[in-house]
Amino acid sequence: MTPDGGIRAQGVRRSFGPVHAVADVDLVAAPGRVTALIGPNGSGKTTLLLMLAGLLTPDAGTISIAGADPVTHNYAARSRTGWMPDVFGTWDSLTAREVLTTVAAAYRIDAGTGRARAGDLLELVHLSEFADQPAHVLSRGQKQRLGLARALVHDPAVLLLDEPASGLDPRSRVDLRVLVRRLAAEGKTVLVSSHVLTELDEMADDAVFISRGRTVATRSVADADRPREWRLTALDPEALTAWLDQDGPAYRRDADGPAVLVELTSDAAAAALLRSAVEAGVDVSSLAPAGGVLEQAYLALEEERR
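Reminder that position 7 of the sequence shown reads as 7 in the UniProt record's numbering, one-by-one numbering, no gaps.
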């Protein structure tokens with residue numbers, strides 16, 4: 001059971017005519033943790049997020065958002081939810097500050113508190129210098145940051161973030177990761193969808209994988225990388241493969257270059273492999289994971305389902 005501050009979805013389905021966008025999704029996201037929602041394009045991620053946000057009614061199944069059902073108690077659920085869609089629309093006539101104060105008023109926050117909240121949030125997302133600029137002139141990355149501020153206006157217990165890093169520059173991506181971790185540390189439930197799995201590696205505690213509208217796996221990120229592939233290169237590739245053939249683990253050649261790929265069970269196993277190679281006189285030039293934790297877990301699941 002998930003505490004009232006979290007998200008719980010069970011047997012959720014949604015179709016659009018003959019298309020089963022979400023066929024059978026079970027999902028749990030706990031307070032104080034960041035949960036990644038992972039799946040290929042067309043897997044139903046955005047449709048699921050819309051249902052969790054109370055903007056789309058499921059055909060079947062149950063949803064609880066911080067203890068409220070968005071179908072039967074829509075206002076209560078939405079008042080506890082901060083929703084950041086993948087594309088942030090703006091009112092052309094409003095400034096960045098006015099966007100936030102207007103949203104605050106919609107949540108029945110008094111004008112004085114709303115203005116103060118808007119100022120704090122603009123500072124939080126590094127948009128204070130653009131506070132009184134028309135929102136429509138902001139860059140895509142700046143609009144994304146304003147979208148995150150908008151989702152936080154009413155201090156929600158639950159955050160639903162759909163592709164939050166889209167359009168952000170590298171510095172802003174780092175700031176986003178830090179902020180999301182901070183919000184989780186404050187006790188919020190954060191569910192985030194992104195195509196950039198390496199971003200989620202450093203952000204998420206848990207992961208829910210969906211495919212063709214169905215939940216196919218749930219993982220703790222701390223456990224998702226056992227085992228995984230590592231990319232190994234040496235100054236003399238032939239010497240490397242000769243050593244591996246005689247004393248090393250099984251390997252396969254990397255199709256993208258002279259490296260080899262080995263499957264290792266832990267960071268400690270990688271360190272032991274490196275020591276053995278050096279002791280054998282192999283001039284190793286690099287040893288690194290072939291991909292991020294979540295990326296490798298996702299690819300392994302896709303391979304299993306073929």
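We put the CB at the ideal spot given by N, CA and C, even for glycine.
Where residue i falls: helix, strand or coil (DSSP)
i: residue 203; result: coil
i: residue 170; result: helix
i: residue 11; result: strand
i: residue 192; result: strand
i: residue 25; result: strand
i: residue 88; result: coil
i: residue 19; result: strand
i: residue 298; result: helix
i: residue 162; result: strand
i: residue 67; result: coil
i: residue 5; result: coil
i: residue 141; result: helix
i: residue 147; result: helix
i: residue 184; result: helix
i: residue 178; result: helix
i: residue 55; result: coil
i: residue 197; result: helix
i: residue 127; result: coil
Residue i CB to nearest heavy atom of the ligand NAD below 6 Å
i: residue 230; result: By its list of ligands, the structure shown contains no ligand whatsoever, and the ligand NAD lies outside what it can speak to.
Residue closest to residue i, alpha-carbon to alpha-carbon, out of the options
i: residue 14; options: 41, 288, 51; result: 51
i: residue 71; options: 196, 213, 54, 29; result: 54
i: residue 239; options: 282, 142, 26; result: 282
i: residue 33; options: 96, 158, 63; result: 158
i: residue 156; options: 185, 168, 189; result: 189
i: residue 9; options: 17, 57, 40, 187; result: 57
Continuous alpha helix (DSSP H) stretch holding residue i: start and end
i: residue 96; result: 96-106
i: residue 79; result: 74-79
i: residue 116; result: 111-124
i: residue 52; result: 45-52
Per DSSP, cross-strand counterpart(s) of residue i
i: residue 286; result: 233
i: residue 60; result: 13
i: residue 82; result: 159
i: residue 134; result: 95
Boundaries (first-last residue) of the beta strand (DSSP E) holding residue i
i: residue 36; result: 34-38
Length at least 4, wholly inside the stretch 199-282: the alpha helix (DSSP H) runs in chain order: Taking 4 residues as the minimum length, the alpha helix (DSSP H) runs contained wholly in the stretch 199-282 are 237-247, 267-279, in order along the chain.
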